[in-house]
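Residue numbers (the numbering used here): -6 to 649.
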């Protein structure tokens, strides 16, 4: 009983229509008729039409059409948009969903999200479109609208729109019998709670949907807890249509718990609310819940009578039918009622009628499948029939000898229609698969972007902390050491102060390098080259006898993430320090080459670190650290003899 399917119809049912009267609606009606100008009256009518889910349908139809006429005459752009929305909602309430979509689609196309003056209206209309599509069980189309709407609302931090539409995505999952997925969406919708009165209608819907999810999961205590909260909030908001839906869910929960007195109370309240909105007997869920209640309480005859009355057919346009009659002409709806009727006959022990109803179910299913297959070719078939009639008119003017040709043309046309129908069906199926795949890819991309954003924020936070805390203290230490004089101190103290001074400067330098890397979203080889030039300029005074040069030949620059860039910079720095300290040479060159791939070489003209067998000796911690950093970055580091003497260190992304 998950299909809240609205159907039009034709026979008097036991739920008589009444008048939709809430305190809010009564107050708004008084405001309409006390206004002295047409502009003021239009504003009041549009505000009244915002209560479309609680107004009597006839009343809504009157005021919606009245608003459209007034808006065309004295309204501004917002008034005309809201008037069209009111007319669309009126058609939706009567079950004319195609008409509602035809009204609302052109309005949406003329609105831009970037326009702040109408953005809220665009969001509202797109949400209504998704609800209309859901009313037609076009869940994939509805989800496409909802996902796009949530993404746009997130750009503008519209938490109310985000929460409401995430809840609706959860309700679509419920319609598809996926309660666990639904709960994930509903709990996410709760996160956007603004904790003020504006969010209460959204909370009411969330709680009602959570109750439905727990009902499907057979967690009846949780379902009862949330449905009480939902019913309470809908009662407070005086949203009659949603209140009736919540009461129906509450009755289903109590029926499942075998608490029939409470179930009957909820059903009576639901029936009373439906009378007020003139929606009596229009909701399939309501009627099937009544059938369940009658069967659980041993009232099979009432269940049978309800189903038989609901299964009557008729013409909705027949003015001779008494007011309030409903029709069940839709084969899908009739199938649900036949299944309920079969259960009732079986419960009552009427085996022959039970068997007869089963046969009708089979027939209804055949009709349902036939209708679905015919739907795909309906448009092409219509065009074909028009063309066929035109051909017949022309053919009547021709000689009788042409009749044979007409027969062959007709056969060819039928074959053509069948082929086109098959092509359209295959195209439709591919589009649906593509939509689902795109939706899954989009969710995956959103998750990856969220992780990347979190990593980026954490990286920036660490860089800021290093700069504001450790960097400040290290700089302070270095500055304080500069003012300590060495006069009058012994050699050991002077050496210690000198080492402290060097170490503090090294700390400041290392922190500067780390912050430099972390502060960037990505670093190019050119940026690393510039940083190396700064490093060379800093250490060159300490080695005046050594010529240090940084060269580059960058045809195509390469970007690296901050962590990889830092590791690469540290590797080159380690190789440079090793060369100036231990090579014994008088020249060191750092060269960066980048095209389709890249490579960095550090070459000195010293004594070299090679044995007679041309194999690298074990090396110290610095060389091991370079190997570890290369492995972390996904690179390779090698040491080779230079010509005529010295050592070359090669770093690159591939085997060197």
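Cβ atoms here follow ideal geometry from the backbone N, Cα and C, with glycine treated the same way.
Check                                                                                                                                                                          : Outcome
For residue 516, write down the residues that DSSP places opposite it in a beta bridge.                                                                                        : 553
Specify whether the region 183 to 197 and the region 164 to 172 touch according to this definition: at least 3 beta carbon pairs, one from each stretch, less than 8 Å apart.  : no
For residue 621, count neighbouring Cβ atoms within 10 angstroms of its own Cβ and tell me buried if that reaches 16, exposed if not.                                          : exposed
For residue 77 versus residue 97, is the C-beta distance shorter than 8 Å?                                                                                                     : yes
Quick one: does the C-beta of residue 522 sit closer than 7 Å to a heavy atom of the ligand HEM?                                                                               : This structure does not include the ligand HEM; it has no bound ligands of any sort.
Can the beta-carbon of residue 293 be found closer than 8 Å to that of residue 347?                                                                                            : no
Three Cβ pairs or more, each shorter than 8 Å: is that satisfied between the region 515 to 526 and the region 558 to 573?                                                      : yes
Under 8 Å, with one C-beta from each stretch per pair, do the region 132 to 141 and the region 85 to 93 reach the 3-pair mark?                                                 : no
Suppose the cutoff is 8 Å on Cβ atoms and the five residues either side in sequence are ignored; what does the same chain contact list for residue 577 look like?              : 599 and 600
Can you give the beta carbon distance from residue 286 to residue 252, rounded, assuming they're within the 8 Å contact cut?                                                   : At roughly 11 Å, the Cβ-Cβ gap does not stay under 8 Å, so residue 286 and residue 252 are not in contact.
Use the C-beta contact count for residue 240: other C-beta atoms within 10 angstroms, 16 or more gives buried, fewer gives exposed.                                            : buried
To the nearest angstrom, how far is it from the Cα of residue 220 to the Cα of residue 153?                                                                                    : 21 Å
Who are the near neighbours of residue 115 in its chain, counting only those whose CB is closer than 7 Å to its CB and skipping five residues on each side?                    : 101, 104 and 106
According to DSSP, residue 633 sits in a beta bridge with which residue or residues?                                                                                           : 641
For residue 580, which three-state DSSP category applies?                                                                                                                      : strand
Give the DSSP bridge partners of residue 591, in chain order.                                                                                                                  : 587
Out of curiosity, what's the CA-to-CA distance linking residue 404 and residue 410?                                                                                            : 10 Å
With burial defined as no fewer than 16 other Cβ atoms inside 10 Å of the residue's Cβ, what is the status of residue 216: buried or exposed?                                  : buried
Can you find the residues in the same chain that come closer than 6 Å, C-beta to C-beta, to residue 182, ignoring five residues on each side of it along the sequence?         : 156, 159, 160 and 199
Bridge partners of residue 541, per DSSP?                                                                                                                                      : 581
What would DSSP say about residue 547, mapped onto helix, strand or coil?                                                                                                      : strand
Compute the distance between the beta-carbons of residue 571 and residue 615, then report whether it is under 8 Å.                                                             : yes
Helix, strand or coil for residue 378 per DSSP?                                                                                                                                : For residue 378, the pLDDT reaches just 42, beneath the cut-off of 50, and the residue's location in the model is therefore unreliable, leaving the point undetermined.
Please report the distance separating the alpha-carbon of residue 319 from that of residue 129.                                                                                : For residue 319, the pLDDT reaches just 49, beneath the cut-off of 50, and the residue's location in the model is therefore unreliable, although a value from the coordinates is still provided. When rounded, the distance between both Cα atoms is 19 Å.
Alpha helix (DSSP H) containing residue 533: first to last residue?                                                                                                            : Counting along the chain, residue 533 falls outside any alpha helix (DSSP H), and DSSP gives it neither H nor E.
Quick one: measure Cβ to Cβ for residue 46 and residue 233, integer angstroms, because I've assumed they're closer than 8 Å.                                                   : 7 Å
On the CB-based measure, 16 or more other CB atoms within 10 Å of its CB, does residue 185 come out buried or exposed?                                                         : buried
Among all the DSSP beta bridges, which residues are the ones paired with residue 134?                                                                                          : DSSP lists no partner for residue 134.
Can you list, in chain order, the residues of its chain with a C-beta nearer than 7 Å to that of residue 145? Leave out the 5 residues immediately preceding and following it. : 106
Rounded C-beta distance between residue 32 and residue 82? I'm assuming under 8 Å.                                                                                             : In fact, because the Cβ distance is near 22 Å, the residues do not count as touching under 8 Å.
Which residues in the same chain have their Cβ closer than 7 Å to the Cβ of residue 582, if we skip the five residues on either side of it in sequence?                        : 542, 544 and 596
Pick helix, strand or coil for residue 161, following the three-state DSSP scheme.                                                                                             : helix
Return helix, strand or coil for residue 308, following the three-state DSSP convention.                                                                                       : Per-residue confidence for residue 308 stands at a pLDDT of 48, beneath the threshold of 50, marking its modelled position as unreliable; no derived number is given.
Which class does residue 152 belong to by DSSP, given the choice of helix, strand or coil?                                                                                     : helix
Keeping to the same chain, check which residues put their C-beta closer than 7 Å to that of residue 442; ignore five residues upstream and five downstream.                    : none
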